[in-house]
Every structure is written in C-alpha cells, then in structure tokens.
Amino acid sequence: GNSVTQMEGPVTLSEEAFLTINCTYTATGYPSLFWYVQYPGEGLQLLLKATKADDKGSNKGFEATYRKETTSFHLEKGSVQVSDSAVYFCALRNTGNQFYFGTGTSLTVIP
Amino acid sequence: KAGVTQTPRYLIKTRGQQVTLSCSPISGHRSVSWYQQTPGQGLQFLFEYFSETQRNKGNFPGRFSGRQFSNSRSEMNVSTLELGDSALYLCASSPRLAGGPEETQYFGPGTRLLVL
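Here you go:
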C-alpha cells in the first residue's frame, strides 16, 4: 500500500538553528514526493517537490532529496526564522494520481 | 490568477443535520479533491472529481458525498452529521486528473465545521 510517515512533533527551535524533519514513505511504483506547509489559519501551500529518485526540491531555503534506496524525503533548512513556524506535511502522489499525506509536524521557532 | 476558494469558512451545525460545502478551483483546473483534516487523523482523502465524475474515493461512509459542476466548481455534502465530523475540510484543485509527474495540488483555506 501507500503511506507516509513523518516525525512526531512538536518541534521547537531557536532562530537560526538547523532544521530536519524526517519523512519516509511506502509506495508501489515510483511516486512523486512533496512537502506542504500550513501556516496558522490557512490552507496548505506547496513548499517543494521532487518527481524522481535523487531529485532535490528546494524553495525558501528549504531542501529535500528524494532517496529511493532509503525511501525517504527529509526536509532540511540551515537557518530557521520565526516566520517558518507552521505545520509541515510530507506527501506522496502515486502512479494512480492519489495523494497520501503524513500527519504533519508542528514547528515553532523562538527568537 | 485567483486561488482556490471555499465557502463558507466557518460553520456550526448540530448532530443529525446535513451540510453542504462549496469549492471553486483555480481557473482552468478541472480536478477537485476533498480532504478532511483533524488533529488525530491528519489529512484524509475523501474523493476526487474530474469532468463532473468521481474518479477516486477514500474510505469514508456514504454520508459523505460530492459532485462537480460543468464549470469545475464542486460541492461536498455530509448528511446526518456526527460529532466526529467536526474538522477542517480542505479542497484542492489541479489542472488535470492524469497529469504528469510535475502536477501538484493547490489548496484552499478550508471550511471549519463544528458539530455540536
């Protein structure tokens, strides 16, 4: 089957700290992988994506690399800001065009 | 280009009632998907519509139904509401159903439903 597992939150970091949010997946075939971000009171926004193995998605200082051998798509940022405080969702889209989301990881960045 | 819009943004209903939520996709997008978001379960896929036809369906009871109109706008209906239906209902649109690997979904702000 298809599923996404991401690290439990909440995560609290100081400003300028390094961020890693782990995400692993199970899928048949070759899925596309996504990170979405949800700011308080808003809907989900696409943060970055990768569509094949070894692709690196990047946006706003965030990066994630599609690792087929470890079935992972970990989200990283070198220096977080207070404005990065949000809930982050890892997701996959399988070859049947269905999306599966992780349960979300809440990030709070303190000044 | 305007984003995905959902109405209403907030709704309070009582058990046993029914509710209809509306979603207008991004102009030109033909696929609309619905998700239920709760703190305990995260995002769960309800169904997807494309060209007025339901193409994919998640594991929800028949009380949850939807439809799509010729202008791609979609409605979701929940009948005989239960307390557990309290959630944020998100709508997402994408250009095509069977899109290539570059396809993604664009989400609306959601409708927050509270069932008392």
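In order, the protein sequences belong to chains E and Z.
Using my numbering, read the first sequence as starting at 31 and increasing by one per residue.
Using my numbering, read the second sequence as starting at -4 and increasing by one per residue.
Built from N, CA and C at the ideal position, the CB exists for glycine as well.
Fair warning: this is a prediction, and the values are worked out from it, not measured in the lab.
Top-ranked residue by Cα proximity to residue i, from the options
{"i": "residue 55/Z", "options": "-3/Z, 100/Z and 72/Z", "result": "72/Z"}
{"i": "residue 80/E", "options": "70/E, 102/E, 117/E and 72/E", "result": "102/E"}
{"i": "residue 49/Z", "options": "4/Z, 25/Z, 103/Z and 32/Z", "result": "25/Z"}
{"i": "residue -1/Z", "options": "32/Z, 68/Z, 11/Z and 45/Z", "result": "68/Z"}
{"i": "residue 70/E", "options": "83/Z, 91/Z and 29/Z", "result": "83/Z"}
{"i": "residue 134/E", "options": "90/E, 51/E, 95/E and 32/E", "result": "51/E"}
{"i": "residue 141/E", "options": "131/E, 107/E, 114/E and 38/E", "result": "114/E"}
{"i": "residue 91/E", "options": "125/E, 65/E, 110/E and 39/E", "result": "110/E"}
{"i": "residue 72/E", "options": "130/E, 131/E, 118/E and 122/E", "result": "118/E"}
Beta-carbon spacing of residue i, residue j below 8 angstroms
{"i": "residue 148/E", "j": "residue 68/E", "result": "Residue 148/E lies beyond the stretch modelled for chain E, which goes from 31 to 141, so this question has no answer here."}
{"i": "residue 112/E", "j": "residue 45/E", "result": "yes"}
{"i": "residue 34/E", "j": "residue 137/E", "result": "no"}
{"i": "residue 76/Z", "j": "residue 36/Z", "result": "no"}
{"i": "residue 87/Z", "j": "residue 28/Z", "result": "yes"}
First through last residue of the beta strand (DSSP E) which encompasses residue i
{"i": "residue 42/E", "result": "41 to 44"}
{"i": "residue 87/E", "result": "86 to 89"}
{"i": "residue 54/Z", "result": "No beta strand (DSSP E) holds residue 54/Z; DSSP gives it neither H nor E."}
{"i": "residue 5/Z", "result": "5 to 8"}
{"i": "residue 37/Z", "result": "37 to 45"}
{"i": "residue 25/Z", "result": "Unbroken run through residue 25/Z: none, as it is neither H nor E."}
{"i": "residue 0/Z", "result": "0 to 2"}
{"i": "residue 127/E", "result": "Run containing residue 127/E: none; DSSP gives neither H nor E here."}
Those residues which DSSP pairs with residue i across a bridge
{"i": "residue 36/E", "result": "53/E"}
{"i": "residue 110/Z", "result": "8/Z"}
{"i": "residue 117/E", "result": "68/E and 136/E"}
{"i": "residue 79/E", "result": "64/E"}
Contact with chain B by residue i, beta-carbon distance below 8 angstroms
{"i": "residue 119/E", "result": "As a matter of chain content, chain B is missing from the structure shown, whose protein chains are E and Z."}
Expected contact under 8 angstroms - CB spacing of residue i and residue j to nearest Å
{"i": "residue 21/Z", "j": "residue 109/Z", "result": "That pair is no contact at about 28 angstroms."}
{"i": "residue 104/Z", "j": "residue 23/Z", "result": "Rounded, the Cβ-Cβ distance is 20 angstroms, inconsistent with contact."}
{"i": "residue 38/Z", "j": "residue 44/Z", "result": "18 angstroms between Cβ atoms; not a contact."}
{"i": "residue 43/E", "j": "residue 106/E", "result": "Incorrect: roughly 12 angstroms between the Cβ atoms, too far for contact."}
Near the ligand FMN: residue i beta-carbon under 7 angstroms from a heavy atom
{"i": "residue 118/E", "result": "The ligand FMN is not part of the structure shown, which contains no ligands of any sort."}
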